[in-house]
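Novice: Starting off with a structure, shown below.
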Amino acid sequence: MRKENSEFKTAFVSEAGSFLKNRDFYGCVELEDWACYVIADGLDTDTEVNSAEITVQTILESFLEKPTMSKRKLTEYIRIAHEWLQYESRRVRLKAGFVIVVTDYTRMVWASAGHSRLYHFRGNRLALKSKDHSVAAQLASEGKIAEDRVDQHDERGNLNEYAGKPGMIKPYVSDKIKLADGDLLVLCTPGLWEGVQDAEMIDAVEDANDPQTLVDTLEEVMLSKQRSRIENYTAAVIYVNKIFHEEPKNRKKWIKRIAIMLIMLLILGGAGIFYAVKSAAKKAELVVDMLQYEQNADQYVKEQEYAKAVSDYSLARNNSIKIKDSIHKKLFTAKMSAAQTLVDGEAHLKEGDITKATASYTKALELTESYSMFNREVIQQRLEQMTIFQQVQDWITEGNLKLQNGDYSGAIILYKRARTAATETGYKDALKEIGTQLETAETKRADIKRQSRQLQADTLEQKGDRFNEAGDYSGAMDAYASAQEIYQEIDMLERVLAMERKINKLDEKLNPPVPAADRTQDRTGSDTANRSNITSDMNGSTDNISTNNPAGSTNTTEADVNEQETLEGGDS
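Each residue of the sequence shown is one higher than the one before, starting from -1 at the first, in this note's numbering.
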């Protein structure tokens, strides 16, 4: 294997500098025949999503699916990462600059967008330095400023190309570059190269013997400048100690083998006729099977059983290869690719990746144009559904954000809107999530409403207590009754009973009972008062009598005596 017969050593450093969070990211994949190194610099201020990490991971995932040094495929990897950042740009626009190196351990291809850089050293000499996609670099290319002024120019951070920009991205992708033993590659973000001049980097390369030492030296040089503000910085170093060398083919050996095979064919010429007939029969059998596989696959396509169609197209294609039928091979490959895009579309949809599903159905619509067994109307309808599905996902995402921020009513409106659309279009995979989130939002809103109503009731109860203390029993009665009604509404039975007790006490104060004993006492008191008045009148009469007879003699008549006896209750 190439990796086993070559020697590539790497090391890297990545720090946040003066900031709390490091928005740079570095990643690499080293396979048996290929390797990919990616470094990215986050250019946005989003606190929840790391755009550099998304860029690196997306590119490496695409590379792992199909490792290659093709400029077209590498551009496609970058486009996917670019579109992914655009899709994730919900709060702020996600942006990242990057540089990529892909190698087969013999050659390399590199690509970049933004102002992260690649330095290629050979024999301690700077053989290549990538150009930035900045206004400063453009001014230098136009001859308006010197090349050595780009690194410190005010417009060095004003970028023309980067992942996540509006519209399409146009990265730079190099041709294949032959590597040599002893080559050295440095990938770094602007946080590092702004503090390390080219001459200082060359000196560091001359003094270092291994990647870790070089990384540490570059970091030390950058920090030694003692800048008041240190940006996020990342550097990755690749030492190409030994590239993979193809073993030269032994031409004479192969000529000798071919000659021996020709002699054997001449000797066995008679037997060759027999084997030719047998081979023809075998070939005819393969052709019959091939056509049967194709017929089965076409039927599966009509029934929209695309996974089964892919399997049978693959079997038919294998037979076409065995019989060396290039025409049918090309046909089956095309049909299989068309069916596979539909399978991929459904798979992406189940994963909830509407963007990739839409891309698959769009591609399927293009690939099926020449084949009548594919129902293009159904594919078109599916593609149109993706627009609605994407809208459903956007509503869910927006609803989740409102739910997180406590806007439960707003979240419920969005979830219901998404549920209606998902139900009408048969988006079953989203309905479960919508149901769960809707239930959560409604529960939280109900809790908030209940708490609000309880607060209203508590306020009314306190108001009733104040009226009660002030002696306004009627006002207190109304407040308690209103509070009791709300407590009853929100099922706070203990508070309902408490209000009932307070209302009963007020009712006793407003309408006190009159006992029977008290009424008797009132009548007795009235009789006593009457008798006292009579006695007083009698005493007054006596006084009057005495006053009218100053000598003290008695002039009482018989009639007066009788009247007095009657008043005193005496017998006549």
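Heads up, the beta-carbon is just placed ideally off N, CA and C, and yes, glycines get one too.
What did DSSP end up calling Arg227 once you bin it into helix, strand or coil?
Specialist: Arg227 falls in the coil class under three-state DSSP.
Novice: Quick one: measure Cβ to Cβ for Tyr475 and Leu504, integer angstroms, because I've assumed they're closer than 8 Å.
Specialist: Per the sequence shown, residue 475 should be read as Met rather than Tyr. Confirmed, about 5 Å.
Novice: Quick one, which of Thr56, Gly121, Leu190 has its alpha-carbon nearest Gln84's?
Specialist: Answer by Cα proximity: Thr56.
Novice: What are the partner residues of Lys240, as DSSP defines its beta bridges?
Specialist: DSSP output for Lys240 lists Glu5 as bridge partner(s).
Novice: Any idea if Arg380 is buried or exposed, counting beta-carbon neighbours within 10 angstroms, 16 or more meaning buried?
Specialist: So Arg380 counts as buried.
Novice: Val390: which of Glu375, Phe330, Lys414, Gly408 sits nearest, CA to CA?
Specialist: It is Lys414 whose Cα lies nearest to the Cα of Val390.
Novice: Report the residue ranges of all beta strand (DSSP E) runs contained in full by the segment 60 to 124; include only those spanning at least 3 residues, in chain order.
Specialist: You should have 94 to 101, 105 to 111, 115 to 120.
Novice: Whose C-beta lies closer than 7 Å to the C-beta of Ser4 among residues of the same chain, with five residues either side of it excluded?
Specialist: Only Tyr103, Lys240, Ile241, Phe242 meet the Cβ criterion.
Novice: If we call anything under 8 Å between Cβ atoms a contact, is Leu58 one with Ala109?
Specialist: No, the pair does not count as a contact, with Cβ atoms beyond the cut-off.
Novice: Mind checking who Phe10 pairs with in its DSSP beta bridge?
Specialist: Beta-bridge pairing links Phe10 to Ala234.
Novice: Considering only DSSP beta bridges, list what Gly25 is partnered with.
Specialist: The partner list for Gly25 (beta bridge, DSSP) reads Val36.
Novice: Roughly how many angstroms separate the alpha carbons of Asn509 and Leu453, rounded to a whole number?
Specialist: Each residue's Cα considered, the two are about 31 Å apart.
Novice: Closest by CA to Lys168, which one among Lys142, Ser222, Tyr75?
Specialist: Of the listed residues, the one whose Cα sits closest to Lys168 is Tyr75.
Novice: Could you name the residues that DSSP lists as bridge partners for Asp181?
Specialist: In DSSP, Asp181 forms a bridge with Val238.
Novice: How is Glu431 classed by DSSP in three states: helix, strand or coil?
Specialist: The answer is helix: DSSP assigns Glu431 an H, G or I state.
Novice: If you measure between the beta carbons of Cys34 and Phe61, is that distance less than 8 Å?
Specialist: Yes, the Cβ-Cβ distance between Cys34 and Phe61 is below 8 Å.
Novice: Evaluate Gln482 with the Cβ neighbour count: other Cβ atoms within 10 Å of its Cβ, from every protein chain shown; 16 or more gives buried, anything less gives exposed.
Specialist: Counting Cβ neighbours within 10 Å, Gln482 comes out buried, since at least 16 surround it.
Novice: What are the partner residues of Leu157, as DSSP defines its beta bridges?
Specialist: Paired residue(s): Ser132.
Novice: Using 8 Å as the Cβ pair cut-off and three pairs as the minimum, do the segment 111 to 126 and the segment 206 to 214 touch?
Specialist: Judged by Cβ distances under 8 Å, the segment 111 to 126 makes no contact with the segment 206 to 214, as fewer than three pairs qualify.
Novice: To which residues of the same chain is Glu217 closer than 6 Å at the C-beta, ignoring the five residues directly before and after it?
Specialist: So the qualifying residues of the chain are Val11.
Novice: Can you tell me which residues form a DSSP beta bridge with Lys442?
Specialist: Partner(s): none; Lys442 has no beta bridge.
Novice: Within the segment 296 to 367, note down every full alpha helix (DSSP H) run reaching 4 residues or more, in order along the chain.
Specialist: 304 to 320, 324 to 348, 352 to 365, all fully within the segment 296 to 367.
Novice: Counting along the chain, where does the alpha helix (DSSP H) carrying Asn398 start and finish?
Specialist: First-last of the alpha helix (DSSP H) with Asn398: 374 to 402.
Novice: Would you say Thr331 and Ser358 are within 8 Å of each other, going by their C-beta atoms?
Specialist: Cβ distance not < 8 Å, so Thr331 and Ser358 don't count as in contact.
Novice: Can you pull the DSSP bridge partners for Lys280?
Specialist: Beta-bridge pairing links Lys280 to no other residue.
Novice: Given this structure, state the Cα-to-Cα distance separating Asp427 from Arg448, to the nearest angstrom.
Specialist: Cα-Cα distance, rounded: 33 Å.
Novice: Just the C-alpha distance for Val27 and Val299, rounded to the nearest angstrom, thanks.
Specialist: Their backbone Cα atoms lie some 38 Å apart in a straight line.
Novice: Following the continuous alpha helix (DSSP H) through Pro209, name the residue where it begins and the one where it ends.
Specialist: Where Pro209 is concerned, the enclosing alpha helix (DSSP H) stretches over 209 to 222.
Novice: Going by CA-CA distance only, name the one from Leu329, Lys176, Tyr160 that's closest to Leu41.
Specialist: The residue with the shortest Cα to Cα distance from Leu41 is Tyr160.
Novice: At what residues does the alpha helix (DSSP H) containing Ala409 begin and finish?
Specialist: Where Ala409 is concerned, the enclosing alpha helix (DSSP H) stretches over 406 to 423.
Novice: If I measure Cβ to Cβ from Asp22 and keep anything under 8 Å in the same chain, skipping five residues before and after, which residues do I get?
Specialist: Around Asp22: Ser12, Ile37, Ala38, Asp39, Gly40, Ala50, Thr187, Gly189, Asn230, Tyr231, Thr232.
Novice: Do you know how far the Cα of Ala314 is from the Cα of Asp290?
Specialist: According to the sequence provided, residue 290 is Gln. The question's Asp does not apply to it. Whole-angstrom Cα-Cα distance: 8 Å.
Novice: Grab the span of the alpha helix (DSSP H) containing Arg499 for me, first residue to last.
Specialist: Residues 491 to 508.
Novice: Should Tyr478 and Glu459 be called a contact, given that it needs their Cβ atoms to be closer than 8 Å?
Specialist: Yes, they are a contact pair.
Novice: When DSSP labels each residue in this structure, what does Val171 get in the three-state scheme?
Specialist: The answer is strand: DSSP assigns Val171 an E or B state.
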